[in-house]
Amino acid sequence: MEDTETTVRQAAPEAATKSAWKLTPRSVLGFAAGILLLIDLYLIFAVAPTDANLGNVQRALYIHVPIAIISLLAFIVVFVGSVLYLRGRNGLWDNLGVAAGEVGFVYVSLALLTGVLWAKPVWNVWWTWEPRLTLTLVLWFIYAGYLMVRAFTPDRSKAAVFSAIVGIIGSVDAFIVYFAVQWWRSIHPPQVVGPLAESGSLSGTMNMVLMFSFIAFLVFTVWLIWERMVTLGTEDRLGRLRFELRRQGRSAEV
Amino acid sequence: MIQLLQTGMPPSNLSFLIAAFVVTGVAFMAYVFFVFRRRQEARAEIEQLTRTTATEDARTETQ
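Residue numbers (this note's numbering), protein chains in the order written: chain A, -12 to 241; chain B, 116 to 178.
In structure tokens form, the structure reads like this:
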């Protein structure tokens, strides 16, 4: 009987400890992200100058651009997590890929939504089938596919392998989205962030606010991925506990 | 806000700007809530399963 108790405890080491709020590097990062985002809001509305041509709606740039760039970066994390998982079958890399995939899905959805809300007053249309927009929509479908493969494959290890393959193939689109405005010049403006950004495309203050916004969102993203990984770890422990109880012929339902 | 008050901008533009920020804020808050709620549910279930198992084991031992 002691053996049984020990295995159950090993499967659920967290059960004995109540989840009390503690000062951890993760909570400090979350707090820092919150402060940075509040400062970012102040900079966007009180410091950044009003664009001479577009007016105040141009302030959407300070959230749209970082969100769009981070949605692409998240897919690079998915790519790294997927490759490392397929190489070593370590669940931690799989969790990193899933967490980045989920967060990336939120970001790419917001990139599309904020883009649509910006396009209407600036281009006078909600949507146009221009290369970058179309490829971003394709990226949204790839992210959705990645998460659906994950959710609907019954076997946990098979789900991890299948989604890792989708993650690796899908990351190609993330690169194409970034280079789209260089390869196919159209209505969408060129890059303002990254190696292909045209220098002087934004004024000094605008550029500073955009860079600050990018850093604030980046810190927030790292925190989000970290928190999601912790949740996935807890769900994994629950899965192991259920498996152990079923193996012993006991009820694994609450 | 100061910048918004200083310049006379068309109201339609302002509504698009506000919508973009509100949508972003709501989406992030909803996702953070989803992550924490799932973790809380998993932790509660782990705790309950462990407690049930321990009670069952204690009962078997006394028998």
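Ideal Cβ placement from N, Cα and C applies to all residues, glycine included. Bear in mind that the values here come from a model prediction, so they are computed numbers and not experimental data.
- Judged by DSSP in its simplified three-state form, glycine 42/A adopts strand.
- Rounded to the nearest whole angstrom, the CA to CA distance from tryptophan 114/A to glycine 78/A is 40 Å.
- Not a single C-beta of chain A is nearer than 7 Å to the C-beta of threonine 170/B.
- With the rule of 3 Cβ pairs closer than 8 Å, the region 213 to 229 of chain A counts as touching the region 75 to 93 of chain A.
- Distances from the CA of valine 109/A to each of Phe166/A, Met195/A and Gln45/A were compared; the closest alpha carbon is that of Gln45/A.
- At a cut-off of 7 Å between C-beta atoms, valine 44/A counts as an interface residue with respect to chain B.
- Residue nearest to methionine 198/A within the set Val153/A, Val52/A, Thr11/A and Asp142/A is Val52/A (criterion: CA-CA distance).
- When Cβ-Cβ separations below 7 Å define contact, isoleucine 212/A makes no contact with chain B.
- Between the beta-carbon of phenylalanine 204/A and that of isoleucine 54/A there is about 7 Å, and that keeps the pair under the 8 Å contact cut.
- Alanine 135/B and valine 93/A have their alpha carbons spaced roughly 14 Å apart.
- Taken in chain order, the members of the region 34 to 63 of chain A whose beta-carbon sits within less than 9 Å of a beta-carbon on chain B are Val34, Ala35, Pro36, Thr37, Leu41, Gly42, Asn43, Val44, Gln45, Arg46, Ala47, Ile50, His51 and Ile54.
- The three-state secondary structure of alanine 61/A, taken from DSSP, is helix.
- Counting along the chain, the unbroken alpha helix (DSSP H) around arginine 229/A starts and ends at 191 to 234.
- Collapsing the DSSP output to three states places histidine 51/A in a helix.
- Annotation: alanine 98/A to leucine 132/B spans about 14 Å, alpha carbon to alpha carbon.
- Scanning Ala239/A, Gly154/A, Thr101/A and Ser173/A for the CA closest to the CA of tyrosine 130/A turns up Gly154/A.
- Cβ-Cβ separation between arginine 137/A and serine 150/A: approximately 5 Å, consistent with a contact (criterion under 8 Å).
- By the Cβ-count criterion, tyrosine 49/A is buried, with 16 or more other Cβ atoms from all chains shown falling within 10 Å of its own Cβ.
- Interface with chain B (7 Å Cβ-Cβ cutoff): threonine 221/A is included.
- At a cut-off of 7 Å between C-beta atoms, alanine 173/B does not count as an interface residue with respect to chain A.
- Shortest Cα-Cα distance from valine 138/B to any of Ser14/A, Thr101/A and Pro12/A involves Thr101/A.
- For tryptophan 127/A, the uninterrupted alpha helix (DSSP H) run begins and ends at 118 to 139, by DSSP.
- Residues of chain B with a Cβ closer than 8 Å to the Cβ of leucine 197/A do not exist, since the nearest Cβ in that chain sits about 15 Å away.
- Annotation: the continuous alpha helix (DSSP H) that includes threonine 101/A extends over 78 to 110.
- In the DSSP annotation of this structure, aspartate 142/A is not part of any alpha helix (DSSP H), being labelled neither H nor E.
- Pairing proline 12/A with isoleucine 202/A, the inter-Cα distance amounts to about 18 Å.
- It is roughly 7 Å from the alpha-carbon of isoleucine 161/B to the alpha-carbon of leucine 228/A.
- Taken in chain order, the members of the region 105 to 118 of chain A whose beta-carbon sits within less than 7 Å of a beta-carbon on chain B are Trp105, Lys107 and Pro108.
- Looking only at Ser238/A, Val217/A, Gln235/A and Trp210/A, the smallest Cα-Cα distance to leucine 23/A is reached by Trp210/A.
- Under the 10 Å beta carbon count, phenylalanine 66/A is surrounded by 16 or more other beta carbons and is classified as buried.
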